[in-house]
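For reference, the structure is listed below as structure tokens.
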Amino acid sequence: MVYTGYLSNGLQNAEDTEWLPYGDPNDWAHGLAAYDGLELMGGNEQEVQPSLNRVMKNIDYDLALKHPLEHTWTLWHLENDRTKRWAEMLVDVTSFNTVEDFFSVYYFVKPPSDLKIFNDYMVFKKNIRPMWEDDTNKNGGRWILLLDKASRTYIDKMWHDLILCMIGECFEHSDEICGVVINVRNKANKLSLWTKDSRNVEAILSIGRQIKDLLHLGIMEIQYQVHNDAMLNHGPNVHAIYKL
Numbered sequence: 140m141v142y143t144g145y146l147s148n149g150l151q152n153a154e155d156t157e158w159l160p161y162g163d164p165n166d167w168a169h170g171l172a173a174y175d176g177l178e179l180m181g182g183n184e185q186e187v188q189p190s191l192n193r194v195m196k197n198i199d200y201d202l203a204l205k206h207p208l209e210h211t212w213t214l215w216h217l218e219n220d221r222t223k224r225w226a227e228m229l230v231d232v233t234s235f236n237t238v239e240d241f242f243s244v245y246y247f248v249k250p251p252s253d254l255k256i257f258n259d260y261m262v263f264k265k266n267i268r269p270m271w272e273d274d275t276n277k278n279g280g281r282w283i284l285l286l287d288k289a290s291r292t293y294i295d296k297m298w299h300d301l302i303l304c305m306i307g308e309c310f311e312h313s314d315e316i317c318g319v320v321i322n323v324r325n326k327a328n329k330l331s332l333w334t335k336d337s338r339n340v341e342a343i344l345s346i347g348r349q350i351k352d353l354l355h356l357g358i359m360e361i362q363y364q365v366h367n368d369a370m371l372n373h374g375p376n377v378h379a380i381y382k383l
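Mapping the sequence shown onto this note's numbering, position 62 (from 1) lands on 201, and the numbers just tick up by one.
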């Protein structure tokens, strides 16, 4: 089934039975407020992490205008199907390059907490495929955060906030960032931020510290793994070269 409607205004169509309207994607006043550090829940204004205010400063809420992002980003979806090869399960859903188009997409699709087990979402800079073998990713790695499945709200919030920090260029070394992935699994969900050069120690550690700061992770540990190691080993056998 092809869903168009909310994916208009120059966005590609999403062709996948998993894509169902979520919330009201036309309400980008809600989205803009959340983007600027306020989240509207049930009509009540509620403060969220102050660090997200860095995403957009002095934003002009003129709904007749669109606010461009620094890069064009692509949303990908991987739906597990044992009859297909991995690359065949990967779907390029749509791309966006403005704040308003991002929120149109975000409120159109299911939240990660509603995805089936072994499904993934990815948001990557356009023309970077969300796989280790991509030319931009092959020498890189990823910061990994394991999310307890007990709180559906927390899972969705971490996904939402990390994307906002990424597309809003909150990181000092944003040029090193390729994209973000959430893997929905049985025991725990995995949220990861991919970087393009695992040898750039300064950038990697800076990004890791900012992840902890921007997401208010406190004592929660994040680990950095190199893609080449992950390709050779699996699960607990993958060595983390940095932990914060």
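All C-beta atoms, glycine included, are put in the ideal place defined by N, C-alpha and C.
N367 in three-state terms, based on DSSP
The answer is helix: DSSP assigns N367 an H, G or I state.
Can you check DSSP and say which residues form a bridge with G318?
Beta-bridge pairing links G318 to F263, W333.
Looking at C-alpha atoms only, which residue of E341, I321, M297, D240 is the closest neighbour of D259?
Closest by alpha carbon: I321.
Skipping 5 residues on each side, what residues in its chain have a beta carbon closer than 6 Å to that of R291?
S252
What are the boundary residues of the alpha helix (DSSP H) that K296 is part of?
291–306
If you count every other CB in all the chains shown that lies within 10 Å of the CB of A289, and 16 or more means buried, which is it?
exposed
Can you list, in chain order, the stretches of the alpha helix (DSSP H) that have 4 or more residues and sit fully within the region 218–290?
Qualifying alpha helix (DSSP H) stretches, in chain order: 225–228, 238–245.
Use the C-beta contact count for A168: other C-beta atoms within 10 angstroms, 16 or more gives buried, fewer gives exposed.
Model confidence at A168 stands at a pLDDT of 40, short of 50, so the residue's coordinates are unreliable; what they give is reported in the following sentence. Flag for A168 reads exposed.
From the DSSP output, read off the bridge partner residues of A327.
D287
For the alpha helix (DSSP H) containing K382, name the first residue and the last one.
Where K382 is concerned, there is no enclosing alpha helix (DSSP H), although the beta strand (DSSP E) it sits in stretches over 379–382.
Any chance the region 330–350 sits against the region 221–228, with 3 or more Cβ pairs inside 8 Å?
no
Should the region 349–360 be called in touch with the region 262–274, which here means at least 3 C-beta pairs below 8 Å?
no
Applying the criterion that 16 or more other CB atoms from any shown protein chain within 10 Å of the CB defines a buried residue, is I316 buried or exposed?
buried
Under 8 Å Cβ to Cβ from M370, same chain only, skipping five residues before and after it: list those, please.
W271, listed in sequence order.
Report yes or no: do three or more beta-carbon pairs, one from the region 335–346 and one from the region 304–315, lie closer than 8 Å?
yes
Out of G279, D295, D314, point me to the one whose CA is closest to I380's CA.
G279
Exposure label - M359; buried when at least 16 CB within 10 Å:
exposed
Please state whether DSSP places E106 in a helix, a strand or coil.
Within the shown structure, residues of the chain are numbered from 140 to 383, placing residue 106 beyond reach of any answer.
With L356 as the anchor, note down where its alpha helix (DSSP H) starts and where it stops.
Careful: L356 lies outside any alpha helix (DSSP H) and carries neither H nor E.
Express the C-alpha separation of D287 and L208 in angstroms, rounding to a whole number.
L208 and D287: Cα-Cα distance of roughly 31 Å.
Give me the Cα-Cα distance between S243 and V340, rounded to the nearest whole angstrom.
Here the alpha carbon of S243 sits roughly 36 Å from the alpha carbon of V340.
Local Cβ density within 10 Å of K382, reported as buried at 16 or more and exposed below that:
exposed
Less than 7 Å separating the beta-carbons of W282 and I350?
yes
Can the beta-carbon of I302 be found less than 7 Å from the beta-carbon of N328?
In this structure, I302 lies away from N328, with their beta-carbon atoms at least 7 Å apart.
With DSSP as the reference, label L204 as helix, strand or coil.
coil
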